[in-house]
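Asks: The sequence shown begins at 12 in our numbering and counts up one residue at a time.
Take a look at the following structure, please.
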Amino acid sequence: MNRFLVRSVMQGLINGRSYSGSSISNGHMYRAAIVGRDVWLSGQQNGMPFGGFEWRRMMNSAPAWTEKVPLEKEEKKENPATGEKKGTEMMVSSYWGISRPKITKEDGTDWPWNCFMPWETYKADLSIDLKKHHVPKNFVDKFAYRTVKILRIPADLFFQRRYGCRAMMLETVAAVPGMVGGMLLHLRSLRKFQHSGGWIKALLEEAENERMHLMTMVELVKPKWYERLLVLTVQGVFFNAFFVLYVLSPKLAHRIVGYLEEEAIHSYTEYLKDIESGAIENVPAPAIAIDYWRLPKDANLKDVITVIRADEAHHRDVNHFASDIHFQGKELREAPAPLGYH
12 MNRFLVRSVM QGLINGRSYS GSSISNGHMY RAAIVGRDVW LSGQQNGMPF
62 GGFEWRRMMN SAPAWTEKVP LEKEEKKENP ATGEKKGTEM MVSSYWGISR
112 PKITKEDGTD WPWNCFMPWE TYKADLSIDL KKHHVPKNFV DKFAYRTVKI
162 LRIPADLFFQ RRYGCRAMML ETVAAVPGMV GGMLLHLRSL RKFQHSGGWI
212 KALLEEAENE RMHLMTMVEL VKPKWYERLL VLTVQGVFFN AFFVLYVLSP
262 KLAHRIVGYL EEEAIHSYTE YLKDIESGAI ENVPAPAIAI DYWRLPKDAN
312 LKDVITVIRA DEAHHRDVNH FASDIHFQGK ELREAPAPLG YH
């Protein structure tokens, strides 16, 4: 392509004006067409086309094209399940061709949650022994047990019998150990080229389950500004402290979590007593709890606290089991992880 054609194309791109031209050189013919900012170059040799490409000049970093995808046929309305207002349509990028398939409930209605899917829901096993307790047998066990008892003192003084706020704070802390343990086991697996025995998924399942407890409690208890500030402080301190602890002694870390879960069972039991006595109103269960635990449509707060307490009992067993594995001088990958142990 001669210099005249190149210069013409570049000038057309800069000026953004319409241009068309052709050139013949050594038996080759090139043609350029510029319309606005779209450029199409093609060529022929002896009357036969040999290829082409389109050059689109983008004036910003937006995707090549977007389309309007209707979300609701009706005008703006509030979703009773999520409390969010949805508009008639929104702009979504279609460059990668990724879209969420339509997901429905068993009754055919649309699935309202983005944070979890129907296949991640379950019915809690309420037959688990809630009174099971790991008796401290050595120095590590006693240290873990005393540490948890000391940590309970400021919580008792601050929250007293406000078990809704207490549970909300508890879940912001309880969701940390599983994520830290799963992350460190993940990095260990990558570093040593070893399987984890399923423990990475088991601990991340625990973290996700605790996070869903929090999402449920937030629907029931609206935290005040100073409680939100307390969450930031406690989470920042606890995350870093537990991270260092897990690196130094996984068996102590899991034992502490096991005892924390025992305290959680006790707190939720006291919560249920206040509900049964009428000190706390037995309000209807949030929609997110009904769908996540597959509760009846007429479920109430007592039903929600009951299934959450059962979850905490299962987490208690998992962490005490993990600590026992380390006390036996083994690694977690040497024992099958209790995946799906709810």
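Cβ coordinates follow ideal geometry from the N, Cα and C atoms, glycine included.
Just so it is clear, the structure is predicted and the values come from calculations on it, not from any experiment.
Between His331 and the rest of its own chain, which residues show a CB-CB distance below 8 Å, the 5 nearest in sequence each way excluded?
Replies: Here residue 331 refers to the residue found at position 320 of the sequence shown. His145, His265, Arg266 and Gly269, listed in sequence order.
Asks: Is there contact here, the region 292-308 with the region 225-232, by at least three beta-carbon pairs under 8 Å?
Replies: Result yes; three or more Cβ-Cβ pairs closer than 8 Å.
Asks: Excluding the five sequence neighbours on either side, which residues of its own chain have a C-beta within less than 6 Å of the C-beta of Tyr282, listed in chain order?
Replies: As a working note, residue 282 is residue 271 in the sequence shown. Cβ within range, chain order: Tyr174 and Ile316.
Asks: Over what stretch of residues does the alpha helix (DSSP H) that includes Met179 continue unbroken?
Replies: Reading the sequence shown from its first residue, position 168 is the one you call residue 179. First-last of the alpha helix (DSSP H) with Met179: Tyr174 to Lys203.
Asks: What is the C-beta distance between Leu196 and Trp210, in whole angstroms, given that I count them as a contact (C-beta under 8 Å)?
Replies: Residue 196 sits at position 185 when you count from the first residue of the sequence shown. Residue 210 sits at position 199 when you count from the first residue of the sequence shown. Their Cβ separation, rounded to whole angstroms, is 6 Å, which keeps Leu196 and Trp210 in contact under 8 Å.
Asks: On the three-pair Cβ rule with 8 Å, is the region 214-227 touching the region 186-194?
Replies: These segments touch.
Asks: Measuring CB atoms only, is the region 139-156 touching the region 324-343, in the sense that at least three cross pairs come out at less than 8 Å?
Replies: Touching, yes.
Asks: Got a sec? Which residues, its chain only, sit under 7 Å from Phe254 by beta carbon, not counting five neighbours each side?
Replies: Position 243 of the sequence shown, counting from 1, holds the residue named residue 254. Around Phe254: Val191.
Asks: If I'm right that Leu263 touches Asn293 with Cβ under 8 Å, what's the distance once you round it to whole angstroms?
Replies: On the sequence shown, residue 263 is found 252 positions in, with the first residue counted as 1. On the sequence shown, residue 293 is found 282 positions in, with the first residue counted as 1. So it is not a contact: roughly 39 Å between Cβ atoms.
Asks: Using the C-alpha atoms, what's the distance from Asp152 back to Ala321?
Replies: Sequence index remark: in the sequence shown, residue 321 carries index 310 (1-based). Sequence index remark: in the sequence shown, residue 152 carries index 141 (1-based). Cα-Cα distance, rounded: 23 Å.
Asks: Buried or exposed for Val258, please, with buried defined as at least 16 other CB atoms from any protein chain shown within 10 angstroms of its CB.
Replies: Here residue 258 refers to the residue found at position 247 of the sequence shown. By the neighbour-count rule (16 or more Cβ atoms within 10 Å), Val258 is not buried but exposed.
Asks: Using 8 Å as the cut-off, can you tell me whether the region 233-243 makes contact with the region 167-182, which would need three or more C-beta pairs spanning the two stretches below that distance?
Replies: With a cut-off of 8 Å, the region 167-182 and the region 233-243 count as touching, because enough Cβ pairs lie within range.
Asks: State the DSSP-derived secondary structure class of Asn11, mapped to helix, strand or coil.
Replies: Examination of residue 11 is not possible in this model, given that the chain is present from 12 through 353 alone.
Asks: Assign Gly193 to buried or exposed, taking buried as 16 or more other Cβ atoms, counted over all protein chains shown, within 10 Å of its Cβ.
Replies: Here residue 193 corresponds to residue number 182 of the sequence shown, with the count starting at 1. By the 10 Å Cβ count, Gly193 comes out buried.
Asks: On the DSSP letters alone, give me the boundaries of the alpha helix (DSSP H) that Leu220 sits inside.
Replies: Here residue 220 refers to the residue found at position 209 of the sequence shown. The sequence as given places Asn at residue 220; Leu does not occur at that position. That run of the alpha helix (DSSP H) goes Trp210 to Leu231.
Asks: Would you please state the rounded distance, in angstroms, between the beta carbons of Pro129 and Ala213? I believe it to be under 8 Å.
Replies: One-based indexing of the sequence shown puts residue 129 at position 118. One-based indexing of the sequence shown puts residue 213 at position 202. That pair is no contact at about 22 Å.
Asks: Using only the alpha-carbon positions, how far apart do Ala290 and Tyr279 sit?
Replies: Locating residue 290 in the sequence shown gives position 279, counting from the first residue. Locating residue 279 in the sequence shown gives position 268, counting from the first residue. Near 14 Å, if we compare the C-alpha coordinates of Tyr279 and Ala290.
Asks: For the alpha helix (DSSP H) that Ser278 lies in, which residues bound it at each end?
Replies: For the purposes of this step, residue 278 is identified with residue 267 of the sequence shown, where counting begins at 1. Counting along the chain, the alpha helix (DSSP H) containing Ser278 begins and ends at Pro261 to Ser288.
Asks: Within the same chain, show all residues whose beta-carbon is closer than 7 Å to that of Ser334, passing over the 5 residues directly before and after it, in chain order.
Replies: Against the sequence shown, residue 334 aligns to sequence position 323. So the list reads Lys262, His265, Arg266 and Gly269, once near-sequence residues are dropped.
Asks: For the alpha helix (DSSP H) that Val159 lies in, which residues bound it at each end?
Replies: By one-based count along the sequence shown, residue 159 stands at place 148. That run of the alpha helix (DSSP H) goes Phe150 to Phe170.
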